[in-house]
Structure formats: structure tokens, C-alpha cells
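The C-terminal position of the sequence shown is numbered 400 in this note's numbering, with every residue numbered one higher than the one before it. The beta carbon of each residue, even a glycine, is placed where N, CA and C say it ideally should be. Read the structure below first, then the notes.
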Amino acid sequence: MTEMFEGSFTQQEPIPEAGIAAAERVLRSGRLHRYNTAPGETSEAELLEAEFARAIGLDHALAVASGGQAMIIALRAVGVQPGDRVLTNAFTLAPVPGAIAAVGATPVYLGVTEGLALDLDDLAAKADRGSVLLLSHMRGHLCDMDRLMAICAAAGIMVVEDCAHTMGAAWNGRASGTFGAVACFSTQTYKHLNSGEGGFIATDDAALAARAILMSGSYMFHQRHGQAPAVEVFDELTYVTPNQSARMDNLRAAILRPQLANLPRQCARWTERYRAVEAEIAGTPGLQVIDRPAAEDFVGSSIQFLLPGWDAQKIEAVLARCAARGVELKWFGGAQPTGFTSRYDDWRYAQAEPLPDTDRILRGLLDMRLPLTFSLADCALIGRIIRAEVAAVYQQG
Ligand SMILES: *Cc1c(COP(=O)(O)O)cnc(C)c1O
4 MTEMFEGSFT QQEPIPEAGI AAAERVLRSG RLHRYNTAPG ETSEAELLEA
54 EFARAIGLDH ALAVASGGQA MIIALRAVGV QPGDRVLTNA FTLAPVPGAI
104 AAVGATPVYL GVTEGLALDL DDLAAKADRG SVLLLSHMRG HLCDMDRLMA
154 ICAAAGIMVV EDCAHTMGAA WNGRASGTFG AVACFSTQTY KHLNSGEGGF
204 IATDDAALAA RAILMSGSYM FHQRHGQAPA VEVFDELTYV TPNQSARMDN
254 LRAAILRPQL ANLPRQCARW TERYRAVEAE IAGTPGLQVI DRPAAEDFVG
304 SSIQFLLPGW DAQKIEAVLA RCAARGVELK WFGGAQPTGF TSRYDDWRYA
354 QAEPLPDTDR ILRGLLDMRL PLTFSLADCA LIGRIIRAEV AAVYQQG
């Protein structure tokens, strides 16, 4: 009998009951705006910020409307100006170059390795082409962060981390997001915390945090932020920092707080699922699993593998055969972007130099989400289906 997988790759777990109850309290209060508080009340957004700063281990956290807004604000807060060039990953998601374009800057793309991390040799070679690196830990793959920080320190490059896929991850025991000058996170439905839309900016730099708070649209309420910088830090900034209105509201913050408290456990559950799929597909002829460095403590909320050197028609055959058995793979090598799989050469607002090694890797790159609604048995089944279908197409020669 041919095994079929029946689950949905886009179905997340429900919001925890504590989050639903907290959301209901906010709705009944009518005070959804973060600065709309009753006397003596601390808003959900402010509480969430303090809890997030503590969880990540940075002095300041700001809750915002999306991960994309977090990156736009962070780039402005580190001083990126229109016309500047910003170094970034060629292998990332559209909001990353989009944030660079939104501040009037131009991305300079850096290649990807077969480990799906940023190519640090390419960074070293292009280090004189920009003074800011928007580093995207795409699909949760961390590069050698010690080497990256050494290259950037030597070249005077400021690092902005995009931790949309590494919330809860670490490199050599140090949390992802604590290496650069500032880190950005997303709480959009497909990330590690789910408020539909949302995000965070986190930093140890008080002046940077103050600029970000003002840009997010704090009016004169900047002291009503969890771990807000001291009032003096805002003195001059208040009059020269434009408001972008990108605040998070109390409803979303209420939904997020119980999820944040449970994040370490959820991260462990994702990685168990990743390992369950990986164990089944490893050793499949023609298929290359992604090597995960020992220093990388990743969160396996998605899994990738390579079909290196395969013809496009064969990869399409694998996709079709897996899809027929209920397994939805995404391919970064298709001629047209579908869903989330756009590539650096699809972002036509920013001219890209060709990156032949990156093109070769992306042509064979397959990707799959692992929502927590999948059981470990589901993951083993998915892995068996991939192994069988890849092997079947491979053996056709
Ligand atoms: C999702 C995502 C973001 C932020 O996205 P929003 O949808 O704006 O919250 C940033 N970077 C990467 C790599 C992402 O996948």
C-alpha cells in the first residue's frame, strides 16, 4: 500500500488558552491601543516588551507591527540613508531586500553556502561595499557568527540581525540576535510566535532603542515601554525623529505573552520534528541533507535539502510525486517564484550581480515547513515519502 500524508503544512497550533483568555480581557476592556491604559495599569504591550528583553537577554525590546517594519526601523535607527548600499543575503525572503529598498538604500547581495548560511568569503570580499549588513538567518541557518563578527569588526560594518527564523536559537550558547547592534524578529503566523502579524526590535544600545521607539510612533509616551531607555536619552531625538506608526497593539501582545513563556519548549518540539524527517531522508541516493554545525543550536521549524546537479524536469517530477502523496515541497530553483520562494534575481527593484555558486545551490534547494501540528510519526512518514520519491526519480537515471 502506498502511504499518504494527510496533514496541512500551513496549519499552526491554536493560540494557548491563556492567550485567548488574555485577549478576551483586552477586548472587553476596549483598551486595545498600547498607550490606552487605566490608572495604574501596565499595558500588555509594555509587559510583553519587558518579558521579551529578558528572554533574549538584551536591555531593550520594542514590539512593532511586523518583522518587515522591525527591519525598516532598525535600518533607519542605525543610520542607513537613502542612496546607501546595504550588504545582505542573496538567499532570504522578500521583506529583507524590501526593507532595504523601503529606506531608499540598495542591497548588495552576498552568496549562500551549501550549508545554507551566509558565504563569509563573499562577505570578506565585499566588505568595502557597505557599512551595514542586514544579516538574515534564513530558514534558521546560522553562519559562523564568531568569524562573521570578526570580519565585520575589522571592516567597520554594523550588523543588523534578521532573526525571523532564529527566535530561540543560539551559536556557541549565545542567543541569536545578541551578536549585532540590533536584532529584528517576526511574530507573523509562520514564525516561532504567532500573533498573525507582529515583530520585535531588540538591542543593548539605549540611543538606538530610543530612536526605534520614537519611529514606531510613541508620541510622547516613550516612557511607557518595557525597559524604556532613560528619559534623557529621548531629549533631543524626540524633535528630529519621524513617526512611522508601526506600533503593536495590546490584543496581539496579550496573545503573545503566554507563547513567549513557552518558547523554549516549542523550539525543542520543532527540532525533534526536524530530526525525525532528517533521520528518514539521510542517505537517500542523490539527496544531500544540510550539515548543521555543532556550534549551532537551531530551531527546526522548517527543513531543507539539496538535489545537487539535478535537471529541472527531474526536480519537478519529485515535487509532483511528493505532492501526489500529500507532501508539499517548495523549490527555490523554479523559473517563476511561487509562494515564498522568490530569489534575489526576482527582486527587480534592486539590480543584482550574478552569483553563480548561489544559483547552483538554489537550483537544487527544496524546503518544507514543519508546523507543530505534525506528530513525530507524521514527520517520519513525510521523510519516508520524500526518500521513496527522490529515490524513484533518481533511479530513472
Ligand atoms: C517572515 C520573515 C521576515 C519578516 O516578515 P513579516 O512578515 O514582515 O513579519 C523577515 N525575514 C525573513 C527571512 C522572514 O521569513
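Put residue i into one of helix, strand or coil per three-state DSSP.
i: Arg372; result: strand
i: Met218; result: helix
i: Phe182; result: coil
i: Trp174; result: strand
i: Gln291; result: strand
i: Phe203; result: strand
i: Arg227; result: coil
i: Trp313; result: coil
i: Val135; result: strand
i: Phe301; result: coil
i: Trp334; result: strand
i: Phe188; result: strand
i: Arg402; result: Given a span of 4 to 400 for the chain in the structure shown, any question on residue 402 remains unanswerable.
i: Glu9; result: coil
i: Thr241; result: helix
i: Leu393; result: Per the sequence shown, residue 393 should be read as Val rather than Leu. Here Val393 sits in helix by DSSP.
i: Arg351; result: coil
i: Glu235; result: helix
i: Ala271; result: helix
i: Ala285; result: coil
How many Å lie between residue i and residue j at the Cα?
i: Pro85; j: Tyr352; result: 14 Å
i: Thr244; j: Met218; result: 6 Å
i: Pro261; j: Arg255; result: 11 Å
i: Asp360; j: Asp252; result: 43 Å
i: Gly143; j: Val302; result: 6 Å
i: Thr344; j: Gly180; result: 24 Å
i: Val393; j: Asp300; result: 28 Å
i: Ser134; j: Leu123; result: 16 Å
i: Ala391; j: Met4; result: 13 Å
i: Cys325; j: Gly342; result: 17 Å
i: Met161; j: Phe8; result: 45 Å
i: Arg366; j: Gln316; result: 12 Å
i: Ala320; j: Tyr397; result: 10 Å
i: Val29; j: Ser46; result: 9 Å
i: Ala395; j: Gly336; result: 20 Å
i: Arg31; j: Ala24; result: 11 Å
i: Gln399; j: Leu35; result: 59 Å
i: Ala264; j: Pro357; result: 43 Å
i: Glu281; j: Glu235; result: 52 Å
i: Trp334; j: Gly229; result: 41 Å
i: Ser304; j: Gly201; result: 18 Å
i: Asp314; j: Glu117; result: 18 Å
i: Ala233; j: Gln226; result: 8 Å
i: Ala93; j: Ser69; result: 21 Å
i: Val83; j: Glu16; result: 38 Å
Pick out whichever of the options has its Cα sitting closest to the Cα of residue i.
i: Glu52; options: Asp370, Ala205, Tyr347, Pro288; result: Ala205
i: Thr95; options: Gln399, Cys270, Arg346; result: Arg346
i: Ala186; options: Glu16, Tyr242, Glu27, Gln72; result: Gln72
i: Ile18; options: Phe12, Ala26, Val162; result: Ala26
i: Gly176; options: Ala108, Pro232, Trp273, Ala297; result: Ala297
i: Pro374; options: Arg272, Leu259, Asp165; result: Arg272
i: Phe203; options: Ala178, Val236, Ser221, Cys166; result: Cys166
i: Ala157; options: Asp131, Ser179, Asp87, Arg57; result: Asp131
i: Leu136; options: Ala383, Ala184, Ala97; result: Ala184
i: Arg37; options: Ala249, Ala279, Pro357, Met371; result: Ala249
i: Val115; options: Leu368, Gly101, Ala383; result: Leu368
i: Asp149; options: Ala127, Leu126, Phe182, Leu121; result: Phe182
i: Ile385; options: Ser198, Arg328, Pro100; result: Arg328
i: Ala338; options: Glu331, Asp348, Thr274; result: Asp348
i: Glu49; options: Ile59, Gly33, Val67, Gly60; result: Val67
i: Glu283; options: Ile389, Ser198, Asp207, His195; result: Ile389
i: Cys382; options: Leu332, Tyr277, Ile364; result: Tyr277
Kindly indicate the opening and closing residues of the alpha helix (DSSP H) around residue i.
i: Asn253; result: 253-264
i: Arg88; result: Counting along the chain, Arg88 falls outside any alpha helix (DSSP H), though it belongs to the beta strand (DSSP E) covering 88-92.
i: Leu126; result: 123-128
i: Leu358; result: Looking at the DSSP string, Leu358 is not in any alpha helix (DSSP H), and its letter there is neither H nor E.
i: Ser378; result: From DSSP, Ser378 is part of no alpha helix (DSSP H); its letter is neither H nor E.
i: Gly101; result: 98-105
i: Leu51; result: 47-59
i: Gly22; result: 20-32
So residue i is in the beta strand (DSSP E); what residue range does that whole segment cover?
i: Met148; result: Looking at the DSSP string, Met148 is not in any beta strand (DSSP E); the run it does join, the alpha helix (DSSP H), is 148-158.
i: Ile306; result: 305-309
i: Ala64; result: 63-67
i: Pro110; result: 109-113
i: Val403; result: Nothing about residue 403 can be reported from this structure: the residues present for the chain run from 4 to 400 only.
Any beta carbon from chain D within less than 8 Å of residue i's own beta carbon?
i: Glu52; result: Among the protein chains of the structure shown there is no chain D, as only one such chain exists.
Exercise for the section: Evaluate the contact criterion for the region 169-176 versus the region 30-45: three or more CB pairs, one atom per stretch, below 8 Å. Expected result: no
Practice task
Could you tell me whether the region 307-316 touches the region 276-294, where touching means 3 or more Cβ pairs closer than 8 Å?
Solution key: yes
Handout entry: Touching by the beta-carbon criterion (3+ pairs, under 8 Å), the region 101-112 and the region 73-93
Key = yes
Exercise for the section: Please confirm if the region 61-80 is in contact with the region 212-232, defined as three or more CB-CB distances below 8 Å between the two stretches. Expected result: yes
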